[in-house]
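Asker: Have a look at this one.
Residue numbers (the numbering used here): -6 to 373.
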């Protein structure tokens, strides 16, 4: 990544309005009775950096933890189906902490009316964006006629976006692939982009791989089809007015910055951000020209302890929160001891903040960082 690219991005960041979020408040939750935000147009900066929606991973505890590491990263929920939103336990599925903003909800569905209703319900919780999943390749999703198989029905996707736009006043975006199976990525992505642009979509997040709907598992679909960032760049060149972010195979914030420097509006990291969450500490300084909210993983852990305490008081087991934190010290001496302690003592009934402090103390001693507050508390 060149200095010119970094400087240009920092200049743009400084010129924008400050959107720093409030400190994490684990007990504060948006509710369905909240006020829908005023009409908001998405600007390219909104998509500059985000953490991908990941099933079984990006729950409210994961998002609260990631927010401790970056004020500016846009966070996404796990995909929630329209049926679950309309008929299920809404607070459990859609509730989130006030400190999570900016945060988006991802919906799965293919019926315009259902998506409109689900979007309306979700927007009332206070989400900053509603995203439609047109990229998941799993058999279960295909059976429901949504996800990546919708790449074959661009007009239907356009109808879905139009219905969602009519139902809410927050931005509506689409996350898609460059094509599926034997589709030509040039034609397939152009057709989808044309349909959703006509419908008024506010942004597009493109996983720069095809999805193979037969013969590959969802896990294999994240690795085996070759990446084609060039296809996403060509789409942006053809549609400069449409905010476009890229997803797939991006392992570092510097790699994200390089793609942005080539002309894309943003980049979305998935597994890399989950497995090595400390990389999120570089998001704000590198991509937005702002200081990180905390200096290092130890400060992040300290800042997150009040949230963990609130979660425990609310009946959540420690493991439900710390499972998202196992990679916090990756690459540092003591990381294995941290993971081992959380995977053993952290899963036992009654595990509490002291369990977390002891685990942190192991890293502090082995790494030689000697971070006093956590180390002292762990030794008590």
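Every residue, glycine too, gets a C-beta built ideally from N, C-alpha and C.
Let me make sure I understand the geometry here. Which of 278, 338 and 116 has the alpha-carbon closest to that of residue 63?
Answerer: Locating residue 63 in the chain shown gives position 70, where the first residue counts as 1. Cα-wise, what sits closest to residue 63 is 278.
Asker: Within its chain, find whatever has a CB closer than 8 Å to the CB of residue 330; leave out the 5 residues flanking it on each side and keep chain order.
Answerer: The sequence position of residue 330 within the chain shown is 337, counting from 1. 352, 355, 356 and 359, listed in sequence order.
Asker: Would residue 41 pass as a contact of residue 258 if the rule is Cβ separation under 8 Å?
Answerer: Reading the chain shown from its first residue, position 48 is the one you call residue 41. Reading the chain shown from its first residue, position 265 is the one you call residue 258. Closer than 8 Å, so yes.
Asker: For the region 191 to 208 against the region 272 to 292, are there 3 or more C-beta pairs whose distance is under 8 Å?
Answerer: As far as the Cβ criterion goes, the region 191 to 208 does not touch the region 272 to 292, which means the pair count is below three.
Asker: Count Cβ pairs between the region 143 to 150 and the region 171 to 179 that sit closer than 8 Å; are there 3 or more?
Answerer: Contact holds: three or more Cβ-Cβ distances are below 8 Å.
Asker: What do you reckon, are the CB atoms on residue 115 and residue 102 nearer than 8 Å?
Answerer: Along the chain shown, read from residue 1 onward, the residue named residue 115 stands at position 122. Along the chain shown, read from residue 1 onward, the residue named residue 102 stands at position 109. No, these two residues do not count as a Cβ contact at 8 Å.
Asker: What residue range is occupied by the uninterrupted beta strand (DSSP E) comprising residue 200?
Answerer: What you label residue 200 is simply residue 207 of the chain shown in a count that begins at 1. Note, residue 200: beta strand (DSSP E), 196 to 204.
Asker: Taking the alpha-carbon positions, what's the residue 182 to residue 228 distance?
Answerer: If you number the chain shown from 1, residue 182 lands on position 189. If you number the chain shown from 1, residue 228 lands on position 235. So the alpha carbons of these two residues sit roughly 8 Å apart.
Asker: Going by alpha carbons, who is nearest to residue 51 out of 303, 140, 264 and 232?
Answerer: Looking up residue 51 in the chain shown gives position 58. For residue 51, the nearest C-alpha among the options comes from 264.
Asker: Express the C-alpha separation of residue 61 and residue 296 in angstroms, rounding to a whole number.
Answerer: As a working note, residue 296 is residue 303 in the chain shown. As a working note, residue 61 is residue 68 in the chain shown. Going by the C-alpha atoms only, they are around 7 Å apart.
Asker: Quick test of your reading: residue 126 and residue 158, contact by CB under 8 Å. State the CB separation rounded to the nearest angstrom.
Answerer: For the purposes of this step, residue 126 is taken as residue 133 along the chain shown, with counting starting at 1. For the purposes of this step, residue 158 is taken as residue 165 along the chain shown, with counting starting at 1. Residue 126 to residue 158, Cβ: 16 Å. No contact.
Asker: Between the alpha carbons of residue 234 and residue 97, how many angstroms are there, rounded?
Answerer: Walking along the chain shown from the start, residue 234 turns up at place 241. Walking along the chain shown from the start, residue 97 turns up at place 104. Residue 234 and residue 97: Cα-Cα distance of roughly 22 Å.
Asker: For the putative contact between residue 340 and residue 312, defined by C-beta atoms under 8 Å, what is the C-beta separation to the nearest angstrom?
Answerer: Along the chain shown, read from residue 1 onward, the residue named residue 340 stands at position 347. Along the chain shown, read from residue 1 onward, the residue named residue 312 stands at position 319. Contact holds; Cβ gap of about 5 Å.
Asker: If you reduce the DSSP assignment to three classes, tell me which class residue 353 lands in.
Answerer: Residue 353 sits at position 360 when you count from the first residue of the chain shown. Reduced to three states, the DSSP call for residue 353 is helix.
Asker: Can you tell me where the alpha helix (DSSP H) with residue 231 in it begins and where it stops?
Answerer: If you number the chain shown from 1, residue 231 lands on position 238. Element bounds for residue 231: 222 to 231.
Asker: Can you name the residues that DSSP bridges to residue 97?
Answerer: Here residue 97 corresponds to residue number 104 of the chain shown, with the count starting at 1. Note: residue 97 sits in a beta bridge opposite 69 and 122.
Asker: Excluding the 5 residues flanking residue 105 on each side, which residues of the same chain have their C-beta closer than 6 Å to its C-beta?
Answerer: Looking up residue 105 in the chain shown gives position 112. Once the five neighbours on either side are set aside, the close Cβ partners of residue 105 are 152, 153 and 156.
Asker: In angstroms with no decimal places, state the Cα-to-Cα distance between residue 220 and residue 54.
Answerer: In the chain shown, counting from the first residue as 1, residue 220 sits at position 227. In the chain shown, counting from the first residue as 1, residue 54 sits at position 61. One C-alpha to the other measures close to 31 Å.
Asker: Excluding five sequence neighbours on each side, which residues of the same chain lie with their C-beta closer than 8 Å to the C-beta of residue 124?
Answerer: Looking up residue 124 in the chain shown gives position 131. For residue 124, where only same-chain residues beyond five positions count, the Cβ hits under 8 Å are 46, 69, 97, 98, 99, 100, 165, 166, 167, 168 and 198.
Asker: Relative to the alpha-carbon of residue 48, which residue among 308, 348, 325 and 131 has its alpha-carbon at the smallest distance?
Answerer: Against the chain shown, residue 48 aligns to sequence position 55. Looking at the Cα atoms, 131 is the closest of the given residues.
Asker: Less than 7 Å between C-beta atoms, sequence neighbours within five positions excluded: which residues of the same chain meet that for residue 163?
Answerer: One-based indexing of the chain shown puts residue 163 at position 170. Correct list, in chain order: 30, 33, 116, 120, 121, 122 and 123.
Asker: Check this for me: beta carbons of residue 88 and residue 118, under 8 Å apart or not?
Answerer: Here residue 88 is taken as the residue at index 95 of the chain shown, counted from 1. Here residue 118 is taken as the residue at index 125 of the chain shown, counted from 1. Yes, they are a contact pair.
Asker: Looking only at C-alpha atoms, which of 58, 56, 67 and 57 sits nearest to residue 37?
Answerer: Locating residue 37 in the chain shown gives position 44, counting from the first residue. Closest by alpha carbon: 67.
Asker: Over what stretch of residues does the beta strand (DSSP E) that includes residue 173 continue unbroken?
Answerer: Looking up residue 173 in the chain shown gives position 180. Start and end: 165 to 173.
Asker: Suppose you measure from the CA of residue 322 to the CA of residue 292; what does that come to, to the nearest Å?
Answerer: Counting from 1 along the chain shown, the entry for residue 322 is found at position 329. Counting from 1 along the chain shown, the entry for residue 292 is found at position 299. Cα-Cα distance, rounded: 12 Å.
Asker: Could you name each continuous alpha helix (DSSP H) segment of 4 residues or more that falls completely within the region 287 to 361, going from the start of the chain to the end?
Answerer: Entirely contained in the region 287 to 361, the alpha helix (DSSP H) runs reaching 4 residues are, in chain order, 290 to 306, 311 to 315, 328 to 337 and 346 to 360.
Asker: In whole angstroms, what is the alpha-carbon distance linking residue 310 and residue 348?
Answerer: In the chain shown, counting from the first residue as 1, residue 310 sits at position 317. In the chain shown, counting from the first residue as 1, residue 348 sits at position 355. Going by the C-alpha atoms only, they are around 12 Å apart.
Asker: On the DSSP bridge assignment, give the partners of residue 261 in chain order.
Answerer: Counting from 1 along the chain shown, the entry for residue 261 is found at position 268. DSSP lists 43 and 240 as partners of residue 261.
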